[in-house]
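The sequence shown begins at 485 in our numbering and counts up one residue at a time.
To start, the structure itself, in structure tokens.
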Amino acid sequence: MGKAAKAFKSSCVPLNPSIFVQFLAVSPFSAPKKSSRNRSSQLNLLLFLSLFILCTFFGFCILTLYPISQNSIPCVALSPSSSLSPDMLASISLIVKEYQKQDEPNLSSSAMVPLPPHLVPVNSNLSEMEMGFWRQPDGEGYRPCLGFSLDYRKSSAKVSKEKRKFLVVVVSGGLNQQRNQIVDAVVIARILEAALVVPILQVNRIWGDESEFSDIFDLEHFKRTLHADVRVVSSLPSTHLVSHQSIENQIPFSVSPMWLRARFLHQLNEEGFLILKGLDSRLSKNLPFDLQKLRCKVAFHALRFVSPIRDLGNQIAKRIWIEGPYIAVHLRIEKDVWIRTGCLTGLGAEYDEIIAKDRESNPDFLTDKLNISNSARKLSGLCPLSALEVARLLKALGAPRNARIYLAGGEPFGGSRAIEQLAGEFPNIVTKETLARGELTPFMNRPSVLAAIDYIVSLSSDVFIHSHGGNMGRAMQGHRAYVGHRKYIKPNKRMMFPLIEDSMVSDEEFSRAMQKIHRHSQGQPEPRNRKLDRDVLAYPVPECMCKQ
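Written out as structure tokens, the structure is:
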């Protein structure tokens, strides 16, 4: 800091008194001829006033640039077109960087960081295609950057101390769906300039998990990480009376900040609190840069699992990581997935009949189009990849037969029969249950904890692939990009299924086609703005990652 101040001081242009006096001599302030003593006195006074004004101006500039919150200073805080000299800009930049080191969230101190990827030895027995499979994508120089704008940081001083207005949010679904809603809850609290009450996790009717926020996420870390963005409190003050009618659950999809302010600000100011429920996909994916950065800050830094879960997850991950590179497969072939997608299981008529009966008794579970045949549904990419189809894709992309595969997710519908074709091609298959040594026993009835273990182990894998997208797949896509662009395979099912169905396509032709189709979808940085309504948590470039 001393060096920066010294550099700043040295960049100030010294005033030459003789030049300054000549300027005054021809200025409107110059007086008629008087005695030399009076003229000298007047010049000294004007010189003092001019220097005072000049120092005041530079002092104001420095105070304006001084960070007023715990957020970092953005690169755009100083414009190259400024009238300040290049030396002055460089000097102030040194001061700014001193604070950036302290203010910007650090991966090693606040985020969940995976185990390092394995280096593929050049002299190994792997073929060129197999070595290419393990090779990590080129990050193209993109690194996390969460520099908030000056306006955002100025308003943080007020928002982070809010004590009159409170936002209560009830989140639902599985772990990753809950994470998405918690992220949006923080952003909505920021938009409405309200304090956020610790989100309430609704008991899921499928899994029956009764875990609270602090059972899964590190609450103190959550508060500490966001203390400059939103005030987080443990409960609603006792002065605020709540009735069932207070809950708002009729929010349209993809609402904007303007809509939220118009709809809820008056209510917040009048009643002092707002309760929201059913936030899934309600907040627009296209937000101003500062709010997009806030979403990344919450997802990748603030939402850290509690120490017992983190330690157990890392311990299980190390047991497979220590043996070499491994693939994490999120094989979404649980019973509820087959019910929701309306697809055939591929396990035979007996299993398909079980799913059909359950679907008839729970018609609201079906999430995809109703008026479409099973064949058309699959060719449209609406069905999960079966275990056999995942195996074919991995082989086509160059995965060696002895590759270790970690299966994430719940119990497959059909048990071991559902994965026997994958195990036939890749015999080194493990799960959290087979890797654990009794540590999972206390959590067997807590699906959220088990899902968190899957999240940690999958994040540390050298390659990740999913069979049917979903919240876990999107979370892994963005998180793996954010922590170093770990390889992520996103199956193109629409291009893949016609080739699988065509018996005339040989394995070699299928392999060439798969490598061509997935050449640019294996973890390379892909800007969010290439397509409309992409989620910044899956595509953190360019809002949350930039070239440094």
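All C-beta atoms, glycine included, are put in the ideal place defined by N, C-alpha and C.
query                                                                                                                             : result
Burial state of His450, where buried means 16 or more other Cβ atoms lie within 10 Å                                              : The requested residue 450 is not part of the displayed model; the chain covers only 485 to 1032.
Exposed unless 16 or more other CB atoms sit within 10 angstroms - verdict on Gly658                                              : buried
Continuous alpha helix (DSSP H) stretch holding Arg803: start and end                                                             : 791-805
Between the CA atoms of Glu818 and Ser900 - distance to the nearest angstrom                                                      : 12 Å
Option nearest Ser995 by Cα separation, candidates Pro1011, Gly953, Leu878                                                        : Leu878
Whole-angstrom C-beta distance between Val643 and Glu677, which should lie under 8 Å                                              : 5 Å
Gly898 beta carbon less than 7 Å from that of Leu815                                                                              : no
Validate contact between the segment 939-946 and the segment 882-894 using beta carbons, cut 8 Å, 3 pairs                         : yes
Buried/exposed call for Ala1022, threshold 16 Cβ in 10 Å                                                                          : buried
Under 7 Å between C-beta atoms of Lys974 and Val947                                                                               : no
At least three beta-carbon pairs within less than 8 Å, the segment 911-926 to the segment 869-888                                 : yes
Among Ile800, Leu760, Asp693, Ile735, nearest to Asn929 - alpha-carbon criterion                                                  : Asp693
Beta-carbon contacts of Ser656 that lie in its chain and below 6 Å, excluding the five residues immediately before and after      : Gln686
Chain-order list of residues whose beta-carbon lies under 8 Å from that of Phe737 (same chain, five-residue window excluded)      : Ser765, Arg766
Bridge partner(s) assigned by DSSP for Tyr890                                                                                     : Ala812, Val914
7 Å Cβ cutoff met for Glu732 and Leu771                                                                                           : no
Any beta strand (DSSP E) of 3 or more consecutive residues that is wholly inside the segment 723-789                              : 757-761
Separation of Arg803 from Leu919, as counted between CA atoms                                                                     : 7 Å
For Pro598, three-class secondary structure by DSSP                                                                               : coil
Best match in Ile949, Leu983, Lys841, Ala902 for proximity to Leu872 [C-alpha to C-alpha]                                         : Ala902
Outcome for His1004 when other beta-carbon atoms lying within 10 angstroms are tallied against a minimum of 16                    : exposed
Validate contact between the segment 1008-1022 and the segment 769-787 using beta carbons, cut 8 Å, 3 pairs                       : yes
Gly631, DSSP secondary structure in three states                                                                                  : strand
Sub-7 Å separation of Gly1007 and Pro621 beta-carbons                                                                             : yes
Contacts around Asn858, its chain only, beta-carbon distance under 6 Å, and the 5 residues preceding and following it disregarded : Leu828
Simplified DSSP state of Met1029, which is helix, strand or coil                                                                  : strand
Segment contact flag, the segment 775-791 with the segment 704-719, C-beta cutoff 8 Å, min 3 pairs                                : yes
C-beta contact flag for Pro600 and Tyr966 at 7 Å                                                                                  : no
Rounded C-alpha distance that separates Ile823 from Ala840                                                                        : 7 Å
Inter-residue Cα distance where the pair is Glu754 and Pro741                                                                     : 19 Å
Reduced DSSP secondary structure (H/G/I, E/B, other) of His950                                                                    : strand
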